[in-house]
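These notes are about the structure you will find just below.
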Amino acid sequence: MVQILSPNGESVSSQDGTTPPVLFVVGTAGAGKSSLVTAFQRWSRFLEVDVLAINLDPGAERVHYDPEFDVRELVSLSDVMDEYDLGPNGAQILAADLVASQADDVFDVIEGLSCDMLVVDTPGQVELFAFREASSHLVDVIGQGRACLIFLFDPMLSQTPSGFVSQMLLSSIVHFRLGLPTANFLSKSDLLEPEVLERILEWGDNLDILEAALYEESAQQALDPHSGSQRAEFAIGQLRMMQHASIQPGLVPLSSEFEDGLADVLSFAQTIFGGMADSRDGFAGDIEHERG
28 MVQILSPNGE SVSSQDGTTP PVLFVVGTAG AGKSSLVTAF QRWSRFLEVD
78 VLAINLDPGA ERVHYDPEFD VRELVSLSDV MDEYDLGPNG AQILAADLVA
128 SQADDVFDVI EGLSCDMLVV DTPGQVELFA FREASSHLVD VIGQGRACLI
178 FLFDPMLSQT PSGFVSQMLL SSIVHFRLGL PTANFLSKSD LLEPEVLERI
228 LEWGDNLDIL EAALYEESAQ QALDPHSGSQ RAEFAIGQLR MMQHASIQPG
278 LVPLSSEFED GLADVLSFAQ TIFGGMADSR DGFAGDIEHE RG
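Residue numbers for the sequence shown, in this note's numbering: 28 to 319.
Next comes the structure, spelled out in structure tokens:
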């Protein structure tokens with residue numbers, strides 16, 4: 028079941044309906060953002076849900092979905108590198124700022140789009156999207172008060188308790204930074220062994236079990252002279268802070284390859300944006316049964 032982090036704990040369903048809801052797909056580099064956008068757009072067509080994709084990553088070499096708007100038409104990473112004599116990292120930062128400076132132009136392009144939903148592929152480096160003031164402006168302009176976040180947990184990093192907590196922290200910080208309703212999904216869950224997947228999902232559902240796993244990890248690190256034992260101890264402290272703030276990550280397994288979890292993405296959007304696609308409201312939960 029999708030758990031939602033929302034500003035002030037309130038729903039944001041009181042929308043005016045003048046613009047389609049916007050789902051920003053966020054996560055660390057390699058977490059599977061573009062793959063999710065591709066799979067979700069393809070899957071939605073099967074359901075006759077009109078989902079349009081937007082690419083906001085100027086550094087993307089290629090995308091496999093059909094972007095209704097592609098930021099690379101405004102800002103090319105290679106052009107930025109050549110014009111400003113920058114390396115890839117510096118060019119990514121400047122390109123993100125250049126894109127944000129043209130937020131109004133981006134909105135002019137998408138303003139007239141008619142669809143059920145917009146899904147936005149964001150830059151590979153989450154800090155370029157979430158931690159620059161210019162990008163916050165871009166989110167405000169594009170979202171128009173009808174936006175939410177899909178945060179992707181990396182499956183490899185999630186296999187250790189401390190790695191899992193680090194992603195809980197990042198998700199919470201991005202949610203705090205952008206102030207948008209957020210749902211957490213475990214990306215590429217099909218790459219995990221069943222018992223590993225079950226353990227990770229259990230951590231997301233029960234923080235007491237996660238804390239016990241952190242203590243076990245800390246004890247193991249203390250026995251290894253080459254391991255930084257303070258890492259797990261720090262993670263325990265951060266977990267307690269999040270428990271005090273009533274932050275419960277919740278986690279839905281997602282596989283863009285096998286289309287698992289896509290119905291949960293749609294259900295999340297329907298929960299947040301009441302009235303979206305009225306003729307199909309409530310059908311998302313029955314999709315897996317129908318396709319079987």
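Quick reminder that beta carbons are idealized off the backbone N, C-alpha and C, glycines included.
The bridge partners DSSP lists for N211 are F178.
I200 counts as exposed, since fewer than 16 other beta carbons sit within 10 angstroms of its beta carbon.
Closest by C-alpha distance to V76, out of G190, L293, Q119 and A127, is L293. Bridge pairing for I81: F96 and V147 [DSSP].
Taking 7 Å as the cut-off, the beta carbon of T149 is found closer than this to the beta carbon of L83. The stretch 181-249 contains, as complete alpha helix (DSSP H) runs of 4+ residues, the segments 188-205 and 221-232 (chain order).
Take the alpha-carbon of K60 and the one of Q297: they are about 20 Å apart. Taking C-alpha positions only, S141 is separated from Q194 by approximately 35 Å. Annotation for G117: the continuous alpha helix (DSSP H) segment containing it runs P115 to S128. Rounded to whole angstroms, the gap between the alpha carbons of D93 and A80 is 7 Å.
Here L32 is bridged, per DSSP, to T209.
S185 and F73 have their C-alpha atoms spaced approximately 31 Å apart. Counting along the chain, G170 sits inside the alpha helix (DSSP H) bounded by residues E160 to G170. Taking 7 Å as the cut-off, the Cβ atoms of E286 and W70 count as close. The Cβ neighbour count for R173, taken over all protein chains shown within 10 Å, is at least 16; the residue is labelled buried.
Burial of H202 is indicated by the presence of at least 16 other C-beta atoms within 10 angstroms of its C-beta. Within its own chain, the residues whose Cβ lies closer than 7 Å to the Cβ of F134, once the five positions on either side in sequence are excluded, are V168 and I169, listed in chain order.
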